[in-house]
Amino acid sequence: MATGNNNNSVIKHNAGFTLIELLVVVVIVGILTSLVTLSMNLAKPSAVKSLKVKIQNHIASTQNHAQLYNKPIRLIIRSNKIQSLTLNKSSWKPYKALPVLEFGSVAVDSDVDTIEILPNGFITQASIILSKDDESSIINTKTNER
């Protein structure tokens, strides 16, 4: 019977990772990062959809202002912006309470140049067409008389 250390069977322990294992992990992390980035860009709304929501909110806000302050407001539609005007004495002046809404790179066209909003909720019937590249959308104003 032998006592003591047995040098014939040496157990070898490697601490750490091999270069191949590290490269595989880096590649997997890179692929996952690119997939997450791609999915985040797909979830972002297009410029047309984003502007449509902004214009609808701007019109609703203008209607609220007209009713709250009991004064008519006009929305002047240009090719690059919508500006709010209010009646000041006998002339229409820019309404500073409502900001100018600029369109950016989206092309905007309307069947009317001026949308009038009265305190009773009346709004000029209009169709506003938004387009960029192959995407387009239409906003139709609706009267909300109270």
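Number 1526 in the working numbering belongs to position 39 of the sequence shown; there are no gaps in the numbering. Using N, Cα and C, we set each Cβ at its ideal position, and we do this for glycine too.
Which word fits residue i, buried or exposed, when buried means at least 16 other C-beta atoms lie within 10 angstroms of its C-beta?
i     : result
Y1556 : exposed
S1597 : buried
T1628 : buried
Please determine, among the options, the residue with the shortest C-alpha to C-alpha distance to residue i.
i     : options                       : result
F1609 : S1578, V1540 and K1558        : K1558
Q1554 : K1531, I1563 and I1604        : I1604
Q1570 : G1503, I1518 and L1588        : L1588
K1621 : H1552, K1536, L1574 and R1565 : It is Asp, not Lys, that sits at residue 1621 in the sequence shown. Comparing Cα positions, the closest option is K1536.
Write down the C-beta distance between residue i and residue j rounded to the nearest angstrom, noting that I regard them as a contact closer than 8 Å.
i     : j     : result
I1615 : I1542 : 6 Å
Ordered along the chain, which non-local residues of its own chain (more than five positions away) have a Cβ less than 6 Å from that of residue i?
i     : result
L1525 : none
If you check the beta carbons only, do residue i and residue j fall under 7 Å apart?
i     : j     : result
K1619 : A1502 : no
I1625 : A1613 : no
Would you verify that the beta carbon of residue i is, or is not, closer than 7 Å to some beta carbon of chain C?
i     : result
A1553 : No chain C appears in the structure shown, which is made up of a single protein chain.
For residue i, which residues in the same chain have their Cβ closer than 7 Å to its Cβ, ignoring the five residues on either side in sequence?
i     : result
Y1582 : I1560, S1571, L1572 and T1573
R1633 : Caution is warranted here: a pLDDT of 47 is assigned to R1633, below 50, making its placement in the model unreliable, and no coordinate value can be reported.
Whose C-beta lies closer than 8 Å to the C-beta of residue i among residues of the same chain, with five residues either side of it excluded?
i     : result
S1592 : A1534 and K1619
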